[in-house]
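If you're matching them up, the sequences are chains D and E in order. Residue numbers are given in the working numbering: position 1 of the first sequence equals residue 1, and the series is strictly consecutive. Residue numbers are given in the working numbering: position 148 of the second sequence equals residue 1148, and the series is strictly consecutive. Ideal Cβ positions, reconstructed from N, Cα and C, are used throughout, including at glycine. Note that the structure is a prediction, hence the values are computed from the model and not measured.
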Amino acid sequence: MSSGHDDGIHAAGVSKRFGSVEALSPLDLSIAPGEIVTLLGPSGCGKTTLLRIVAGLEPLTSGTISVDGLTPVSARELKRFGLVPQSPALLPWRTVEANARLLQDINVDANPSPLPDVVELLDKVGLSEFRSSYPHELSGGMQQRVGLVRAFALGAPYLLMDEPFAALDEITRADMRHLLASLCEPINTGVLFVTHSLAEAVFLSDRVAVLSSRPGRIVGTVDVDLPRPRVPELEDDPAFFAIETELRRLLHSGAGR
Amino acid sequence: MIGRLRNSAAFWAAIGTVALLGFWEAFVRVRDVRKFVLLPPSEIGSTFLDNPGFYVDNIWVTARHLVVGLSIALVVSLAFGALLAAVRPLEHASQPLLVLILVTPWVAYISSIVLWLGRGTPSIVFLVAFVTVPAFVYATVGGMRSADPAARELFASIHASRWEVLWRLRLPSALPSLFTAARFNVGLGLAAAYFAEGAALSTDGLGEAGRRAVAFNEGSILWTTILCTAVLGILSQVAVLLLERSLLHWHASQRRTAR
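This is the structure in structure tokens:
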């Protein structure tokens, strides 16, 4: 394994321009191994762009990023990222189980060993009865659960989640963040979670970085010192509200220009 | 029982077939149409039964020409289409060729093909493949481009090879449009096979049987050949449909319910 100070994701002075549009002004961000960090910001603030840059899917304009001492592109080639896109992006011709295995089936040379057990993961998210169903037979929430399993099944050291619950209704969203916390907590996986939901940010994260509207820059970082495992009852706790309030205040300060 | 029949598609198709045959038979007999212009279905039946082996053999020959030609076209189109889907300038550059193939009447240049490839099967199969390539290429390019962008990003996030993207994402995405093209191409390819058989100085096939019937003024043989060709066309369409149902069971077009 790599040496101590290389561990984790370190972004330094990262910025991004699309032509004449400045999407991200230079920012620094670190994610320690096993740490869950949320990027919280209004839509269009560049948080998805930052996630894509970390994933090695988008070149950066300036700055450096290291992922356990590797460049994002090398890390991507070594399957170090489990991506959960905003739409579940399930392949309609594959069954639920085959979809959950998709990332294991591609670029197999870079698979870690042993690979997580897909059947066990599907069981954990309550989809064991639907293993041989097709995506069109599932509800939106169930489809996104397959999307989560697909990413976890990679056994990657980092998960990159791009507003995975944005298209779901409020009740399903709450279930999904509780489920995600229960999946993340027992394993030592670093998570970069992008959202515009305060509740998701507080419930899931160890740390929340708040982005301003475009060009995106980090207006503040909040440590979430709530006990783990996170349980749904926590969302009624005054400490939970206090952090939500702090984040909301930061969001408003970033929105003004 | 009656109620169930009333809702059955097959029942109404059978009623329609009987009505069509009855009208056809009555029309020819009442108007006393000449054999060469149109033959009543009863006489087509008896002509067929006079020498069923002759017609069945020729159906087989034409079916082989059709299947071999379409298969070659499909393989060529998939390779060519995948290339065009990946390289946009090449797609633009290939438009003149594809459009030219589509609009040029093959009736006009078949004798040049025969002169080039020789008589019989090679020329026939070439024509079938040649005229069906454009629709297959368009279907391949359009279908491969339609692959879900989020899924493409997902493939990229784990460094999928070009081959993996093609095989596991782009090709399955192209299947629905390929089947639409296949239904169209079965009709086009059959027409091309029939015509080429008559023009390529081949010794068998429905097209050659039809050509000889015309040459010898055999109206009943001509019309029996025509109906045999139509039956082959229907069977081919059914085959494509069944294949589509089994391969595209996951696609919205194959589902009965809204979801």
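For residue i, which three-state DSSP category applies?
i: HIS974 of chain E; result: Past the edges of chain E, shown from 1001 to 1259, lies residue 974 of chain E, and the structure says nothing about it.
i: GLU35 of chain D; result: coil
i: ILE9 of chain D; result: strand
i: LEU70 of chain D; result: strand
i: PRO26 of chain D; result: strand
i: SER1177 of chain E; result: helix
i: ILE1226 of chain E; result: helix
i: ASP109 of chain D; result: helix
i: GLY1003 of chain E; result: helix
i: SER3 of chain D; result: Low per-residue confidence applies at SER3 of chain D: pLDDT is 45, beneath 50, and the placement is therefore not dependable, though the value from the model is reported in the following sentence. In this structure, SER3 of chain D counts as coil in the three-state DSSP scheme.
i: SER62 of chain D; result: strand
i: LEU83 of chain D; result: strand
i: LYS1035 of chain E; result: coil
i: GLY254 of chain D; result: helix
i: SER133 of chain D; result: coil
i: GLY44 of chain D; result: coil
i: PRO1149 of chain E; result: helix
i: GLY1069 of chain E; result: helix
i: LEU1117 of chain E; result: helix
i: GLY126 of chain D; result: coil
i: TRP1250 of chain E; result: coil
i: THR1017 of chain E; result: helix
i: PHE241 of chain D; result: helix
i: SER1008 of chain E; result: coil
i: SER1202 of chain E; result: coil
Go to residue i, then tell me how far its alpha helix (DSSP H) extends in each direction, as first and last residue.
i: ASP223 of chain D; result: Segment 218 to 223 is the beta strand (DSSP E) holding ASP223 of chain D; no alpha helix (DSSP H) there.
i: ARG145 of chain D; result: 140 to 152
i: PRO215 of chain D; result: First-last for PRO215 of chain D: undefined, no H or E at that position.
i: PHE1048 of chain E; result: 1041 to 1050
i: VAL96 of chain D; result: 96 to 100
i: PRO1089 of chain E; result: 1088 to 1103
i: GLY1210 of chain E; result: 1206 to 1215
i: ILE187 of chain D; result: Per DSSP, ILE187 of chain D belongs to no alpha helix (DSSP H) and is neither H nor E.
Give the straight-line distance between the Cα atoms of residue i and residue j, rounded to the nearest whole angstrom.
i: LEU1090 of chain E; j: VAL1037 of chain E; result: 49 Å
i: ARG230 of chain D; j: PHE1136 of chain E; result: 55 Å
i: ALA1073 of chain E; j: ALA1079 of chain E; result: 10 Å
i: LEU1166 of chain E; j: SER1177 of chain E; result: 16 Å
i: ILE9 of chain D; j: ILE1158 of chain E; result: 17 Å
i: LEU1188 of chain E; j: PRO1105 of chain E; result: 12 Å
i: LEU1102 of chain E; j: GLU170 of chain D; result: 53 Å
i: ALA12 of chain D; j: SER30 of chain D; result: 8 Å
i: THR1224 of chain E; j: LEU138 of chain D; result: 52 Å
i: PRO1149 of chain E; j: VAL222 of chain D; result: 34 Å
i: SER1246 of chain E; j: ASN1058 of chain E; result: 29 Å
i: ALA1199 of chain E; j: VAL1061 of chain E; result: 15 Å
i: PRO1134 of chain E; j: LEU1190 of chain E; result: 16 Å
i: SER1202 of chain E; j: THR1121 of chain E; result: 7 Å
i: VAL54 of chain D; j: SER15 of chain D; result: 12 Å
i: GLY190 of chain D; j: ARG207 of chain D; result: 12 Å
i: ARG1029 of chain E; j: PRO1040 of chain E; result: 7 Å
i: VAL1033 of chain E; j: SER1042 of chain E; result: 14 Å
i: HIS178 of chain D; j: THR71 of chain D; result: 32 Å
i: LEU192 of chain D; j: GLY1143 of chain E; result: 34 Å
i: ASN1185 of chain E; j: LEU1070 of chain E; result: 8 Å
i: GLY56 of chain D; j: HIS252 of chain D; result: 31 Å
i: SER43 of chain D; j: SER213 of chain D; result: 8 Å
i: VAL210 of chain D; j: PHE165 of chain D; result: 19 Å
i: GLU1197 of chain E; j: VAL1240 of chain E; result: 23 Å
i: SER20 of chain D; j: THR64 of chain D; result: 21 Å
Considering just the uninterrupted stretch of the beta strand (DSSP E) at residue i, what are its terminal residues?
i: TYR1138 of chain E; result: Segment 1121 to 1145 is the alpha helix (DSSP H) holding TYR1138 of chain E; no beta strand (DSSP E) there.
i: VAL194 of chain D; result: 190 to 195
Please name the residue or residues paired with residue i in a DSSP beta bridge.
i: SER1077 of chain E; result: Its beta-bridge partners do not exist; DSSP assigns none.
i: LYS16 of chain D; result: D:LEU24
i: VAL208 of chain D; result: D:THR38 and D:VAL222
i: ASP162 of chain D; result: D:VAL194
Q: Anything in the region 58 to 76 of chain D with a Cβ closer than 8 Å to a Cβ of chain E? List those residues in chain order, please.
A: So the list reads ARG76, given in the order they occur along the chain.
Q: Could you run through the region 116 to 137 of chain D and flag, in chain order, every residue whose CB is less than 9 Å away from some CB of chain E?
A: Cβ contacts with chain E come from TYR134, PRO135, HIS136 and GLU137.
**Q.** Contact set between the region 1006 to 1034 of chain E and chain D, restricted to residues whose Cβ is under 8 Å from the partner
**A.** Residues are counted here when their Cβ sits less than 8 Å from a Cβ of chain D; for the region 1006 to 1034 of chain E the count is zero.
Q: Please name the residues in the region 1139 to 1160 of chain E whose beta-carbon is closer than 8 Å to at least one beta-carbon of chain D, in chain order.
A: Contact residues of the region 1139 to 1160 of chain E toward chain D are ASP1148, ALA1150, ALA1151, GLU1153, LEU1154, PHE1155, ALA1156, SER1157, ILE1158, HIS1159 and ALA1160 (C-beta to C-beta distance below 8 Å).
Q. For the region 1222 to 1253 of chain E, which residues have a beta carbon sitting closer than 9 Å to at least one beta carbon of chain D?
A. Under the 9 Å Cβ criterion, the region 1222 to 1253 of chain E contributes LEU1247, LEU1248, HIS1249, TRP1250, HIS1251 and ALA1252.
Q: Closer than 7 Å, Cβ to Cβ, to anything on chain C: give me those residues from the region 1089 to 1100 of chain E, in chain order.
A: Checking the listed chains, one finds no chain C in this structure; the protein chains it contains are D and E.
Q: Check each residue of the region 20 to 45 of chain D: if its Cβ is closer than 9 Å to any Cβ of chain E, include it; give the result in chain order.
A: Hits within the stretch: zero.
Q) What are the residues of the region 1159 to 1174 of chain E that lie near chain D, defined by any Cβ-Cβ distance shorter than 8 Å? A) Within the region 1159 to 1174 of chain E, the qualifying residues are HIS1159, ALA1160, SER1161, GLU1164, ARG1168, LEU1169 and PRO1172.
Q. Taking Cβ-Cβ distances below 7 Å as the criterion, which residues of the region 92 to 108 of chain D are in contact with chain E?
A. Cβ contacts with chain E: PRO92, TRP93, LEU103, ILE106 and ASN107.
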